[in-house]
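Start counting the sequence shown at 2; every next residue gets the next number (the numbering used here).
C-beta: ideal position from N, C-alpha, C; glycine also.
What follows is a single structure, written as structure tokens, with notes after it.
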Amino acid sequence: MSQETILNLHNHTTYSDGHGTYTDIAQAAAIANIDVVIVTDHNIRPRGLEKYYCIEDKNILILTGEEIHDRTHSPQKNHLLVFGVEEELAHLGGKTQWLIDRIRQINGFAFLAHPNEDALSFFKEPNISWVDWDITGFHGLEIWNGMSEFKTVCKDSMLTALFYAFFPHLLAQGANKLTMQKWDELLRKGLHVYAVGGTDSHATPYRKGPFKRIIYPYQFHFSTVNNHILTEQKLSGNFQVDRQVIFNAIRHGHYFVGYDLPHPTKGFRFTGKGQFGEYQMGDTALEEKNITLQIRLPYPAICNLIHNGKTIQTWNQQEICTHQAVEPGYYRIECYISFMGKKRGWIYSNPIFLGKGA
Ligand SMILES: [Zn+2]
Ligand SMILES: [Zn+2]
């Protein structure tokens, strides 16, 4: 799979509590140089806005998803990102399992949004973590959420929040540790669940005394945590065809989460080669006894290979890494990079599954 498309998939507009329009988002995406954006407004799926937006010489694909939650629950919990459906399902917000079952029935898929986060009480932002862990049938987890990370890093101090309002590029540190543990727990149970990264952009203007900032502009968010989709063919420019291509790639886990600010993550690859073929992230090498894993980094960094939840090999500052995988189970990659004096999460791959037991 040689074609790579950069996708930002968790964003809000004026249709819910965001502060920009679809056109504002397309313009920001063009400046940040990303290809596709999915808008996920709260409990509303506006019609007729999904299309290619032509911004100067760039074509930006904007798709509509939805973030559905139970509006009667206080504080609001269980935010679910819904993709690949055309039906309005917000009325099922209070019945999470029914909602997920209906999404599957109509061939869509759902990710648990910001499963672990903290309250930011001085901005009156409550903790809206996922609480309903008995549910089944979801497609994956949002392992990194830009706004949740802001809440977690700033939760104890208004001064810290002010600092990161003015220096947003110093904020991001990596995927949420509790969510990563949960992801490994689910994968170890044999569930094929995938990770996505979201920025949760709202472009909200905040004012505190003399200070006035937008936390954070769409353009900034689009230069941070993205999903890099791998496909056989380039996007065609046809809206209906490309919408299907993007959703199919997410459905099959053919992508990785990349924090593009320290250094672009474009060009990262994680593949497995066996007797019967080559495998991509998200694939299962069902009949293979062993496969050769190959990792290619776009820049030398720290690269960890994780097998069934445990780091089994670390490469330092190497751009090509290989490993002979013989044990059944799942293999995934985490990369870390030094940026602004700190080691930060950089790339999180989806897993490759080996063997019948996987
Ligand atoms: Zn949410
Ligand atoms: Zn959101």
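Query	Result
DSSP-derived helix/strand/coil call for Pro329	coil
CB of Phe269 within 8 Å of CB of Pro301, strictly	no
Sequence-distant residues of the same chain with beta carbon closer than 8 Å to Ser130, five excluded per side	Lys78, His115, Pro116, Asn117, Glu118
First and last residue of the uninterrupted beta strand (DSSP E) at Val226	226-232
Residue ranges of each beta strand (DSSP E) within the stretch 19-90, 3 or longer	37-40, 52-56, 59-65, 67-69, 81-84
Nearest candidate by alpha-carbon position, reference Val226, set Met2, Gln4, His11	His11
Sub-8 Å separation of Gly109 and Val83 beta-carbons	yes
Span separating the alpha-carbon of Asn128 from that of His74	12 Å
Cutoff 8 Å; reference Thr97; Cβ partners in own chain excluding five residues on either side	Asp71, Asn79, Leu81, Asp133, Ile136
heavy atom of ligand 1 below 7 Å from Ala162 C-beta	no
C-alpha gap between Phe164 and Ile216, whole angstroms	12 Å
Complete runs of the alpha helix (DSSP H) confined to the stretch 88-163 [at least 4 residues]	97-106, 147-155
Any heavy atom of ligand 1 within less than 5 Å of residue CB: hits in chain order	His80, Ala114
Span of the alpha helix (DSSP H) around Val242	240-252
Distance between Tyr280 and Gly310 (C-alpha atoms, nearest Å)	20 Å
Proximity test, Gly68 beta-carbon vs ligand 2 heavy atom, cut-off 7 Å	Per the sequence shown, the amino acid found at residue 68 is Glu instead of Gly. Within the cutoff, so yes.
Boundaries of the beta strand (DSSP E) in which Gln4 is found, first to last residue	4-9
Residue range of the beta strand (DSSP E) that includes Leu298	292-308
Cα-Cα separation between Lys344 and Tyr256, rounded to whole angstroms	23 Å
Cβ-heavy atom distance, His13 to ligand 2, below 7 Å	yes
Short Cβ contact (8 Å threshold) for Thr205 with His222	no
Touching by the beta-carbon criterion (3+ pairs, under 8 Å), the stretch 323-336 and the stretch 288-297	yes
Inter-residue spacing [alpha-carbon to alpha-carbon] between Gln220 and Phe139	30 Å
Contact under 8 Å by Cβ, Asn351 with Tyr207	no
Cβ-heavy atom distance, Asp58 to ligand 2, below 7 Å	no
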